[in-house]
Amino acid sequence: MDTLDLNNPISANSQPKSNVLKTFAETTTNSLFPKKDQAIVFNTIEDVPQIEYIKAFSLITTPKNIKFASRISNNRFCIYFASKNIVDQIITKQPYIVINNIKISYRRLINPAKRIIISNVQPIIPHDIITNAITNIPIRILSPITFMKAGFGNEEYDHIGSFRRQLYIHPKDNEKMPSSILINFDHTDYRIFFSDDTVTCYLCKQTGHTTNHCKNVIENKTPYSLKNIPPLATGDHQPRPQSNTEIISPAQTALQRQQTNNVTLTTKLLNSNKSIKTTQPTPKKPKRSNSIEQIVIKLDETLAPAKSAFNQIPNLKINFTNLKYIIENTLGMQNPASILNQFDISPMEMIEIIESIYPSIKNVSIKNRLTRLNKALIECNPSEDQL
97 MDTLDLNNPI SANSQPKSNV LKTFAETTTN SLFPKKDQAI VFNTIEDVPQ IEYIKAFSLI
157 TTPKNIKFAS RISNNRFCIY FASKNIVDQI ITKQPYIVIN NIKISYRRLI NPAKRIIISN
217 VQPIIPHDII TNAITNIPIR ILSPITFMKA GFGNEEYDHI GSFRRQLYIH PKDNEKMPSS
277 ILINFDHTDY RIFFSDDTVT CYLCKQTGHT TNHCKNVIEN KTPYSLKNIP PLATGDHQPR
337 PQSNTEIISP AQTALQRQQT NNVTLTTKLL NSNKSIKTTQ PTPKKPKRSN SIEQIVIKLD
397 ETLAPAKSAF NQIPNLKINF TNLKYIIENT LGMQNPASIL NQFDISPMEM IEIIESIYPS
457 IKNVSIKNRL TRLNKALIEC NPSEDQL
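Position 164 of the sequence shown, counted from 1, bears residue number 260 in my numbering, the numbering being contiguous throughout.
The structure is reproduced here in structure tokens:
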């Protein structure tokens, strides 16, 4: 007891504390938290154990590179790898895994790239033909082009692909992407279409706003009224010829006669309007509530409640922008199947989509339009005897 160093009472405990602090620091350094760009995600297959997915990725990269793995929401599976470079190598090397002879495509958990759907693509056209055409625009492609399944909802036909493909491009190049391009393969021209989920104005064809908030057309559009009618020529003031030596052809003579007849008719109409009581202004002809223009303008507003119901439809071949395009461009068409062919969708598939979103729509005009479109699709859908 008398041999203790009372001048340094904590010297005996200083070494253990130092060891504890050092061990904690080393542990914190060695256990880094991963980032979202180190993860990939993909859809799962029913009744497949988790270890099978891990084994599949172990064929692409060493198992030591796999750090975390788990099932997540919406029947998906997420895997975190040791670094972002490993994720880049895996996606570049092979964009899918194979389990039970089924190819499962995967993507980054956080993908800053813009997803583009390519429609109306014949399966005989190689990917590199489309890639070269897009690169020449120029647009930076960030992923390989992959096929998209037809999505018939039956295991027996689940392997059948559609005439659609997908790829990811640089987000800054999205504005350069045209709505369609013409490519040539095997001495034949093919037109393919591009689409995404960007909000598009159907009046000015620009992105970033809807038709209800479009200012481009309103500013450039001159309202038509009687005040804009040019001064009419009367019997007292005939237009003078520009030159006495002007030669008038027979076609010009006939055109002048037609214009003179139109001027005379317009003059009579204006004079007849003067006899109407001035206390009653001339009523403007009301627009039909179900006219094509009104339906197009209201599409974005009236279809908004149906977007959630649309997204719940399984195995969709089109996105919500494609749906609005189809509704707009089939107005008044007796055979709307020609528009559906651009997106590789059958009349029966479009009928199922209409029936799914119909209860969510409250606007009567759009409901009537969908009813007429549904009837036209039923009429143009061939029966089994005709197939």
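Beta carbons: idealized from backbone N, C-alpha and C, even for Gly. Every value quoted in this text rests on a predicted model; they were computed, and no experiment measured them.
Contact under 8 Å by Cβ, residue i with residue j
i      : j      : result
Ile175 : Ile200 : no
Phe439 : Ile414 : yes
Ile237 : Ile230 : yes
Val183 : Arg204 : yes
Glu424 : Leu395 : yes
Ile447 : Leu436 : no
Ile450 : Pro401 : no
Ser179 : Gln146 : no
Ser217 : Arg261 : The residue you asked about is not Ser; residue 217 is Val in the sequence shown. In contact: Val217 and Arg261 (Cβ atoms closer than 8 Å).
Phe248 : Ile235 : no
Gly164 : Pro130 : It is worth fixing the name first, because residue 164 is Phe in this sequence and not Gly. A contact, by the Cβ cut-off of 8 Å.
Asp292 : Thr417 : yes
Ile141 : Asn196 : yes
Ile409 : Ser452 : yes
Phe406 : Leu419 : yes
Leu263 : Ser239 : yes
Span of the alpha helix (DSSP H), counted from its first residue to its last, around residue i
i      : result
Thr467 : 460-476
Thr227 : 223-231
Thr140 : No alpha helix (DSSP H) holds Thr140; DSSP gives it neither H nor E.
Lys403 : 403-407
Ile235 : Ile235 -> no alpha helix (DSSP H), and no H or E assigned at all.
Lys420 : 416-425
Under the three-state DSSP convention, the category residue i falls into
i      : result
Thr157 : coil
Thr188 : helix
Leu278 : strand
Asp269 : helix
Phe243 : strand
Thr398 : helix
Asp440 : coil
Gln262 : strand
His182 : With the sequence shown as reference, residue 182 is identified as Ile, and His is not the correct amino acid for it. In the structure shown, Ile182 sits in a helix (DSSP, three-state: H, G or I).
Ile457 : coil
Asp133 : helix
Ile288 : strand
Ile435 : helix
Ile449 : helix
Ile195 : strand
Lys317 : At Lys317, the pLDDT of 49 sits below 50, so the modelled position is not reliable and the matter cannot be decided from this model.
Whole-angstrom C-beta distance between residue j and residue i, which should lie under 8 Å
i      : j      : result
Ser275 : Phe259 : That pair is no contact at about 17 Å.
Phe173 : Ile162 : At roughly 12 Å, the Cβ-Cβ gap does not stay under 8 Å, so Phe173 and Ile162 are not in contact.
Ile288 : Ile186 : Actually they are not in contact, since the Cβ atoms of Ile288 and Ile186 sit about 29 Å apart, beyond 8 Å.
Ile233 : Lys189 : That pair is no contact at about 27 Å.
Cys476 : Asn431 : 5 Å
Extent of the continuous beta strand (DSSP E) run through residue i
i      : result
Ala165 : 162-168
Ser215 : 210-215
Lys199 : 198-204
Tyr176 : 172-177
Chain C within 8 Å of residue i, Cβ atoms only
i      : result
Asn437 : Absent from the structure is chain C; it holds one protein chain and no more.
| Any 3 or more C-beta pairs closer than 8 Å across the region 242-252 and the region 264-271 | no
Is it the case that the region 206-215 contacts the region 159-169, given that we only count it when at least three CB pairs across the two stretches are under 8 Å? no
request  = Determine contact between the region 451-465 and the region 274-288, defined as no fewer than three beta-carbon pairs at a distance below 8 Å.
outcome  = no
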